[in-house]
């Protein structure tokens, strides 16, 4: 690889540290950095505890499960176009390196080297997590790092293969390979002892691995599992060397194929950064051409609220696929909670209430049909002849309504479980709109105070991580105070009126409405004074 | 129509624009020139109320942009150098949205004519995210013209346009000026400014170096016997040699 590419690698490496150091020049930066590191430490603490104190999980479990996980990854790469990200370069790399005096192999090697270096931090974190299944930390580090390299090289090899043999042949070939893999899997499943399923999935996987078909299918993957779980230095050297050999074979394969991947890579890079760009603006799902067929009649002007709300509602409608997917995942999780906490096992309704609050908080951070989606369009919004308060109200309409729809679905799902009467849901429905306005209003207020692109987070950016933690905590406290005050006011009314449930509900609702509209003037003021030339993050 | 009085914009210690005053009357096309970082885009964004001024006053059609923003903005149209469109909306829906914002009733005929003029009619039902750079620029221009603004601010308007688009753009600027709009065109393309503009404002390091008729600029700086090109004049002014003999 030419020296200039090594230099670029070292400059990129230095840039990562420079970013952290520059961010820690202020007291706020140092605090956020410390907090971010603290949170990561707290996150890794249970793994360290289990590794040090608790009885270690049987490494055989890892040896049984891990090869299947790797197989699933490879199969996923085979049947989807996910592998193309392995040869995706950054836009700057495409512009500067593709047209530069470098051979395709130079660039491939640069990409592999960059990935190998870039995964060092991930390796350490994963190794700490894997310590529960590993006898020694160095073995976990070596095993995880070699596994990550294998995954990267395998994905690259898939792209190279596709480019070498032509897309049609590759498409047919990968279908055939996937079919063979599935067949071998079925044979291994059938050959394994039938009773193993009753002993749990790990036991079944162990049994499948012991069959001939399982051995053929999983042999290369179990090498990595055995490296991570190596019990002695000799075992680590033996299995590590084998894993390294597999990686080197993959590397040689990638270099040997050396197909003219640049065009595919440039296209993949473009697609990847288009996705990132959408992510920067908070759009979860790309809209296909069919999305344009979904229509929504214009809303009345309503002092300018109508057009702004119409635009966001249309966007919400057209990216509804992503919303539905998220909703389905959440509902499945919610249903699992309901099943797990049946009445009689203690606190089923409490768990559902807690889960509902967390789901709302989680969902409101994902719904971005408001200012969070308009960061790059604030110039246009601010140049429109609409009062700031009207823009603010218009921006909040779509997320409030989408959240209401999600709550309705969750409410119906909750009704299916025991212990929830429809009257509770009707009562909750009356509070839903002010509650949503409150949630979305506070979320947007904090966004305009501390704007951040969702894809602005990069690996190792502890300051940003710490900042997000602090903001999340403050927002949560504000939600608690708002809801707590409403509940307290309702309770006072309840006690003063001789325990009238109606008074409780009316005062609570009125207090919640007040809490909901209280951030709006501040939000309008913040929007009006927002200076895109200063406040918009890079 | 557009009146800028002692406008300043500071970013902490950095002075982007300092003490800038000028005005653009109806029918005038003002060329805003200056090297990178001169303060051109900052000035345009402040006029249309996107960024607040640190000092001074900006009025559009007599309405102060700071205190009567909505009334001022109703008369304005701004096309930024890199227009950010709404990816979820189709070409037609952008026009529908703008018509709704500016209360343009029965906008369909005008919108259709604009799409025809800028060769966007076949893309009418295409999502903005599927448009090329040039088409996005054309759509932003169509949106700007839809409500027949009395003041038009164009920041590098030819970026990404094909020859047809460039011609349509130039013709539309001339037509709107002839119909009484005040137009400001910020561009690094000196030929465009020379071709299109009646007046000239040259900025350097956030300060006004010249403001007046294009023809007066040569006399003001007395370059090469008065028949120098705009390019000669630009370099003369921005490379330190220029001290205006008469700033209007």
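Chains as they are written, first to last, in the numbering used here: chain A, 3 to 540; chain B, 58 to 305.
C-beta: ideal position from N, C-alpha, C; glycine also.
Contacts that residue i makes with chain B (C-beta to C-beta distance below 8 Å)
i, result
"residue 372(A)", "Those within 8 Å of residue 372(A) in chain B number zero; the least Cβ separation is about 13 Å."
"residue 533(A)", "108, 109"
"residue 307(A)", "By Cβ distance, chain B contributes nothing, its closest Cβ being about 11 Å from residue 307(A), past 8 Å."
"residue 300(A)", "153, 157"
"residue 316(A)", "145, 146, 150"
Partners in chain A for residue i, counting only beta-carbon separations shorter than 8 Å
i, result
"residue 141(B)", "378, 379, 381, 382"
"residue 246(B)", "Chain A residues near residue 246(B): none, gap ~22 Å exceeds 8 Å."
"residue 202(B)", "Going along chain A, no residue has its Cβ under 8 Å from residue 202(B), so there is no contact; the nearest lies around 14 Å."
"residue 102(B)", "381, 534, 535"
Contacting residues, own chain, Cβ-Cβ under 8 Å from residue i (five flanking each side not counted)
i, result
"residue 83(B)", "58, 207, 237, 238, 239"
"residue 300(A)", "308, 309, 312"
"residue 487(A)", "513, 517"
Whole-angstrom distance between residue j and residue i, CA atom to CA atom
i, j, result
"residue 192(B)", "residue 379(A)", "18 Å"
"residue 162(A)", "residue 155(A)", "10 Å"
"residue 196(B)", "residue 204(B)", "14 Å"
"residue 239(A)", "residue 151(A)", "18 Å"
"residue 39(A)", "residue 106(B)", "41 Å"
"residue 249(A)", "residue 216(A)", "21 Å"
"residue 388(A)", "residue 440(A)", "23 Å"
"residue 333(A)", "residue 326(A)", "10 Å"
"residue 285(B)", "residue 119(A)", "58 Å"
"residue 372(A)", "residue 398(A)", "6 Å"
"residue 428(A)", "residue 477(A)", "27 Å"
"residue 85(B)", "residue 235(B)", "8 Å"
"residue 514(A)", "residue 537(A)", "31 Å"
"residue 257(B)", "residue 102(B)", "18 Å"
"residue 131(A)", "residue 50(A)", "8 Å"
"residue 96(B)", "residue 110(B)", "12 Å"
With 16 other Cβ atoms within 10 Å as the buried cut-off, status of residue i
i, result
"residue 296(B)", "exposed"
"residue 445(A)", "buried"
"residue 212(B)", "buried"
"residue 177(A)", "exposed"
"residue 13(A)", "exposed"
"residue 348(A)", "Because the pLDDT at residue 348(A) is just 49, under 50, the model does not fix this residue reliably, and the point stays unresolved."
"residue 125(A)", "buried"
"residue 331(A)", "exposed"
"residue 459(A)", "Any reading at residue 459(A) must be qualified, since the residue scores a pLDDT of 48, below 50, and its modelled position is unreliable; the value itself is stated next. Flag for residue 459(A) reads exposed."
"residue 9(A)", "exposed"
"residue 424(A)", "exposed"
"residue 242(A)", "buried"
"residue 45(A)", "exposed"
"residue 249(B)", "buried"
"residue 93(B)", "exposed"
"residue 236(A)", "exposed"
Nearest-angstrom beta carbon gap, residue j and residue i [assumed within contact, 8 Å]
i, j, result
"residue 166(A)", "residue 259(A)", "5 Å"
"residue 247(B)", "residue 287(B)", "5 Å"
"residue 180(A)", "residue 77(A)", "6 Å"
"residue 329(A)", "residue 254(A)", "Rounded, the Cβ-Cβ distance is 46 Å, inconsistent with contact."
"residue 535(A)", "residue 108(B)", "5 Å"
"residue 396(A)", "residue 306(A)", "7 Å"
"residue 219(A)", "residue 73(A)", "7 Å"
Own chain, CB closer than 6 Å to residue i, minus 5 neighbours either side, in chain order
i, result
"residue 284(A)", "Only weak support exists for where residue 284(A) lies, its pLDDT of 49 falling under 50; the coordinates are left without a value."
"residue 461(A)", "With a pLDDT of 47 at residue 461(A), under the threshold of 50, the predicted position of this residue should be treated as unreliable, though the coordinate-derived value follows. Result list for residue 461(A): empty, nothing under 6 Å."
"residue 112(B)", "65"
"residue 224(A)", "69"
"residue 48(A)", "none"
"residue 244(A)", "225"
Residues that residue i contacts on chain B, provided the C-beta gap is smaller than 7 Å
i, result
"residue 303(A)", "157, 160"
"residue 521(A)", "Those within 7 Å of residue 521(A) in chain B number zero; the least Cβ separation is about 22 Å."
Cut-off 7 Å between Cβ atoms - residues of its own chain near residue i, not counting five sequence neighbours on either side
i, result
"residue 207(A)", "66, 67, 70"
"residue 528(A)", "447, 450, 451"
"residue 143(B)", "151, 185"
"residue 292(B)", "none"
"residue 183(A)", "77, 219"
"residue 496(A)", "502, 505, 506"
Interface residues of chain A facing residue i [CB-CB closer than 9 Å]
i, result
"residue 80(B)", "Within chain A, no residue comes near residue 80(B); the closest Cβ sits about 20 Å away, beyond 9 Å."
Within chain E, the residues that residue i reaches when beta carbons sit closer than 8 Å
i, result
"residue 294(A)", "The chain labelled as chain E is not found among the protein chains of the depicted structure, namely A and B."
Beta-carbon neighbours of residue i, restricted to chain B and to distances below 9 Å
i, result
"residue 501(A)", "Correct list: empty, because the minimum Cβ distance to chain B is about 50 Å."
Residue i: contacting residues in chain A (beta-carbon distance under 7 Å)
i, result
"residue 179(B)", "Simply none; closest approach about 14 Å."
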